[in-house]
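This report refers to the structure that appears directly beneath it.
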Amino acid sequence: MSNWNEHANMGIPECMMKLFESFPYPIQIFSSDGTVRMINDAALEMIGIKSREKHVGYYNVFEDPIVQKLGVTGQISQVLTGRTVYLTDFTASYEDMIRYFDVRERDIKLINSDITCFPLIKKDGKVEYFAAVFIFKNVYTGKEEISRGKQYIKTHWKEPFDADKIAQAAFLSKSHFTKLFKMHTGITPYEYYINYKINKLKEILLDTNLSVSQAFEACNMNYNGHSARLFKERVGVTPSEYRKLHNK
């Protein structure tokens, strides 16, 4: 049984307390100003909150910087009009959660969930409280997914960049994979692809049996187009200058 914070159950009906004790999914109840008043054990565990006492009565969903960053504060506030609000694919950075809140250090990068917010309407029709039920769909550590994405790029580096196929190889949506990849590596999948392609070109340029244009062709790159300019931007010298510098 959960030990509720003293001010958590002020004015909360006993039946609601019993519901919380037995509810199998992560759930929180908020007062109309957005302050959390109750949180069950499942929510504490899944979110990673260290202390119920430091969370209940202090956390406010309308002031949550992650909620604000994702642009759903206004959507959540619609629950105060008596509407049920559905948030799909709510993806929060665990690093942001650690930065802003008192949550445990865990090997997690992203938490992806669907959240249903519904009003608890009094007999007079006023919304005094609202509840939020969380369905956690995916918790990403990122290591395996990033490895799959990198391997796909390394295998298909001669082909045009395809963000959808790379994400599919990692078994993630494009948006989730891109966000996770940048969190792990500091760069986007496209930047990783370009860097890998340029490094391959640098290797082939050292083969003096090939002309510079043939080295580009071997990488499926156009020597007379954007690729040559891109090479100089990334490496600092032209392809011909690079060859001379490294084949002395």
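For any residue, its number in our numbering is found by taking its place in the sequence shown, counting from 1, and adding 607. All C-beta atoms in this analysis are idealised placements derived from N, C-alpha and C, irrespective of residue type, glycine included. All values derive from a computational prediction rather than experimental measurement.
Between residue i and the rest of its own chain, which residues show a CB-CB distance below 6 Å, the 5 nearest in sequence each way excluded?
| i | result |
| --- | --- |
| residue 790 | 716 |
| residue 743 | 653 and 720 |
| residue 739 | 635, 722 and 724 |
| residue 673 | 699 and 703 |
| residue 615 | Note that residue 615 scores 46 on pLDDT, short of 50, meaning its location in the model is unreliable; the coordinates nonetheless yield the value given after this. 644, 645 and 663, listed in sequence order. |
| residue 691 | 725 |
| residue 747 | 716, 717 and 787 |
Whole angstroms is fine: what's the gap from residue i's alpha carbon to residue j's?
| i | j | result |
| --- | --- | --- |
| residue 729 | residue 637 | 14 Å |
| residue 712 | residue 622 | 35 Å |
| residue 767 | residue 657 | 46 Å |
| residue 785 | residue 760 | 13 Å |
| residue 829 | residue 796 | 21 Å |
| residue 751 | residue 780 | 15 Å |
| residue 703 | residue 733 | 34 Å |
| residue 686 | residue 639 | 9 Å |
| residue 800 | residue 813 | 21 Å |
| residue 826 | residue 806 | 10 Å |
| residue 802 | residue 669 | 41 Å |
| residue 774 | residue 788 | 10 Å |
| residue 624 | residue 649 | 14 Å |
Note the first and the last residue of the continuous beta strand (DSSP E) segment covering residue i.
| i | result |
| --- | --- |
| residue 694 | 692-700 |
Could you pull the start and end residues of the alpha helix (DSSP H) that residue i belongs to?
| i | result |
| --- | --- |
| residue 781 | 781-792 |
| residue 643 | Unbroken run through residue 643 is the beta strand (DSSP E), 643-646; no alpha helix (DSSP H). |
Starting from the C-beta of residue i, find all residues in its chain whose C-beta is less than 8 Å away, skip the five residues before and the five after it, and write them out in chain order.
| i | result |
| --- | --- |
| residue 627 | 609, 634, 636, 645 and 647 |
| residue 852 | 844 |
| residue 823 | 808, 829, 830, 834, 835 and 846 |
Which partner residues does residue i have in the DSSP bridge list?
| i | result |
| --- | --- |
| residue 720 | 697 and 743 |
| residue 638 | 736 |
Enumerate in chain order the residues of its own chain whose CB-to-CB distance from residue i is below 7 Å, with the five nearest sequence positions on each side excluded.
| i | result |
| --- | --- |
| residue 776 | 755, 756 and 759 |
Pairing CB atoms from the segment 643-650 with CB atoms from the segment 705-713, are three or more of them under 8 Å? no
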